[in-house]
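Novice: My questions will all concern the structure given below.
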Amino acid sequence: MNQDTDFLRQAIALAYANVERGGRPFGALIVKDGKVIAEAVNEVVATRDPTAHAELLAIRAASRVLDSASLAGCTVYASGHPCPMCMGAMRMAGIAAVTYAYSNQDAEPFGLSTAAVYADLAKPVDQQSMRIRHLAARLEGEPALYAHWQQRH
Numbered sequence: 081m082n083q084d085t086d087f088l089r090q091a092i093a094l095a096y097a098n099v100e101r102g103g104r105p106f107g108a109l110i111v112k113d114g115k116v117i118a119e120a121v122n123e124v125v126a127t128r129d130p131t132a133h134a135e136l137l138a139i140r141a142a143s144r145v146l147d148s149a150s151l152a153g154c155t156v157y158a159s160g161h162p163c164p165m166c167m168g169a170m171r172m173a174g175i176a177a178v179t180y181a182y183s184n185q186d187a188e189p190f191g192l193s194t195a196a197v198y199a200d201l202a203k204p205v206d207q208q209s210m211r212i213r214h215l216a217a218r219l220e221g222e223p224a225l226y227a228h229w230q231q232r233h
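In terms of this note's numbering, the sequence shown opens at residue 81 and continues consecutively.
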């Protein structure tokens, strides 16, 4: 059996165990140099936190293990197709690759697909379902925020 399949089966086993505890069917591992450094399950139901996805929780755990916000050189193995939020977080963390077992097409009949979110995000900003706007507000008497940050670091 190849290593990718083994890691995916571990992520799927986490997802099955989470279902048995009343959670959603998602699990994720983060691997670096062929070794699992973090794992997590979807905790949206348990925490009532819509951001408590398995991939995000695994990223947080891996960052603590590595004592770094950079997860360069790491790979995520997920039971299901990661949502746009999780994909964005993986990119921000510098994750090198992601491999998943169940597709959005597999998830669709069960109301678990995020394909519609991906489709909405692919539209021009003014055509997306969420209102998004830029308003250039500033604090009077304060330097520009980003310049202030740069000066402090």
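C-beta: ideal position from N, C-alpha, C; glycine also.
Please report how far the alpha carbon of residue 111 lies from the alpha carbon of residue 127, in whole angstroms.
Specialist: One C-alpha to the other measures close to 25 Å.
Novice: From the DSSP output, which residues share a beta bridge with residue 46?
Specialist: Coverage of the chain is limited to positions 81 through 233, which leaves residue 46 absent and any answer about it impossible.
Novice: Check residue 107 in the structure and name its three-state DSSP category.
Specialist: Three-state DSSP puts residue 107 in a strand.
Novice: Kindly list the residues whose CB is nearer than 8 Å to the CB of residue 159, restricted to its own chain and excluding five residues on each side of it in sequence; keep chain order.
Specialist: Within the same chain, residue 159 has close Cβ partners 88, 91, 92, 94, 95, 105, 106, 107, 108, 134, 180, 181, 182.
Novice: With 16 other CB atoms within 10 Å as the buried threshold, where does residue 237 fall?
Specialist: As shown, the chain starts at 81 and ends at 233. That puts residue 237 outside it, with no answer to give.
Novice: What does the Cβ neighbour count give for residue 103, buried or exposed, with the cut at 16 atoms within 10 Å?
Specialist: The residue is buried, with at least 16 neighbouring Cβ atoms inside 10 Å.
Novice: Whose CA, out of 189, 174, 193, 213, lies closest to the CA of residue 162?
Specialist: Among 189, 174, 193, 213, the Cα nearest to that of residue 162 belongs to 193.
Novice: What three-state label does DSSP hand residue 117 in the structure shown?
Specialist: Correct three-state label for residue 117: strand.
Novice: Assuming residue 150 contacts residue 114 (C-beta within less than 8 Å), just tell me the rounded distance between them.
Specialist: Between residue 114 and residue 150 the Cβ distance is about 19 Å, and since that is not below 8 Å, they are no contact.
Novice: For residue 169, I'd like the list of residues in its chain whose CB is within less than 8 Å of its CB, leaving aside the five on either flank, ordered along the chain.
Specialist: 135, 136, 139.
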